[in-house]
Amino acid sequence: MSRFLDPAESSKPYKDPTPLPADVPKVKELGVTSAPLKSAAFFLGAYCKDYNEDFMLCKAENPDPAHCLKEGRRVTRCAQDLITKLRENCLAEFEKHWNCLEYNNQEYYHCRKDERVLNKCVFEKLGLVKTIPGTPEGKTPIHEVKNPVYTGVQK
Amino acid sequence: MPVPWEALIPFALLTTMFGAAGTLLNTSKRLQNQGKPVRYNVDAWDEMMMDRDRRLTGHKRGQAAEPFAPEEFETNSAWYTERTS
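Heads up: the protein sequence lines correspond to chains A and B, in order. Each residue of the first sequence is one higher than the one before, starting from 1 at the first, in full-length UniProt numbering. Each residue of the second sequence is one higher than the one before, starting from 1 at the first, in full-length UniProt numbering.
Pasting the structure below:
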């Protein structure tokens with residue numbers, strides 16, 4: 001009998017220590033946690049667009065994890081490449097922005113000042129621009145609005 | 001006529017007690033969250049990301065910006081399974 005057991009109710013979690021089979025090429029996992037990932041998200045979108053789209057299309061064909069391992073490895077390598085470049089070139093601005101996000105519930109609209117500094121540094125050093133896909137034509141993207149309506153409570 | 005200062009003691013007491021309770025609660029919450037404000041409006045995505053952060057760093061609010069994860073990260077995810085035999 002196998003029914004769905006909520007892992008929150010189990011007395012101890014089941015962790016499987018066996019690694020991947022030897023015929024799968026080995027790629028180290030991305031070691032970025034949520035706040036730096038959110039900070040770098042739009043640059044990942046700009047830099048790794050092709051690999052990300054390949055992976056999404058592959059997943060759309062077949063959601064089985066085994067089907068898209070190759071595209072997944074490419075995405076991981078591209079993301080690692082971008083994080084390494086970010087750390088080399090804009091480490092201070094990057095750290096400042098994701099620390100700001102961590103103190104503000106990981107919401108972008110609280111941290112526009114640090115975000116502008118980071119965007120400028122990344123554009124100068126790496127040539128990546130943050131674009132929000134789906135912005136209506138003619139409207140400025142929310143991250144470029146000079147005096148936004150929705151801001152944090154405290155300055 | 002002398003000022004009835006004893007009558008103001010309850011006000012001072014209330015202010016102090018509210019302030020102390022609020023400060024204590026805030027400090028307790030911040031200590032549980034590594035000195036950061038508590039996360040609110042946490043949805044399933046944020047729960048999953050905080051679990052991933054815990055797997056990567058050891059604490060659900062811990063952050064790291066390394067390109068490569070430590071070795072344990074690859075196999076320390078908890079699985080939705082049960083032992084049937």
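Just so you know, even glycine gets a beta-carbon here, dropped at the ideal spot from N, CA and C.
| Asked | Found |
| --- | --- |
| Going by DSSP in three states, Ala78 of chain B sits in which element: helix, strand or coil? | strand |
| Between the C-alpha atoms of Cys111 of chain A and Cys121 of chain A, what's the straight-line distance to the nearest angstrom? | 16 Å |
| Just to make sure I have the definition right: I need the residues of chain B whose C-beta is within less than 8 Å of the C-beta of Pro21 of chain A. Which are they? | Here the premise fails: no neighbours, minimum Cβ distance about 13 Å. |
| Helix, strand or coil for Lys59 of chain A, going by three-state DSSP, please let me know. | helix |
| Output, in sequence order along the chain, the residues in the segment 16-29 of chain B whose CB is closer than 7 Å to any CB in chain A. | none |
| Taking Asp53 of chain B as the reference, give the member of A:Thr33, A:Glu71, A:Lys49 with the closest Cα. | A:Thr33 |
| If we define contact as Cβ-Cβ less than 9 Å, is Phe73 of chain B a contact residue for chain A? | yes |
| Closer than 8 Å between beta carbons: that is the criterion. Which residues of the segment 37-58 of chain B meet it against chain A? | Pro37, Arg39, Tyr40, Asn41, Asp46, Met49, Met50, Arg52, Asp53, Leu56, Thr57 |
| For the alpha helix (DSSP H) containing Ala65 of chain B, name the first residue and the last one. | Where Ala65 of chain B is concerned, there is no enclosing alpha helix (DSSP H), although the beta strand (DSSP E) it sits in stretches over 65-68. |
| State the Cα-Cα distance for the pair Glu66 of chain B and Phe11 of chain B, rounded to the nearest angstrom. | 53 Å |
| Does Arg61 of chain B pass the burial test, meaning 16 or more other C-beta atoms within 10 Å, or should it be called exposed? | buried |
| Which value, in whole angstroms, describes the spacing of the CA atoms of Gln63 of chain B and Lys70 of chain A? | 28 Å |
| Taking C-beta to C-beta, are residue 164 of chain A and Cys78 of chain A nearer than 9 Å? | Residue 164 of chain A cannot be examined here, being either before or after the span of chain A that is shown, 1 to 155. |
| Hey, does Gln32 of chain B have any beta-carbon neighbour from chain A nearer than 9 Å? | no |
| Bridge partners of Leu30 of chain A, per DSSP? | B:Phe68 |
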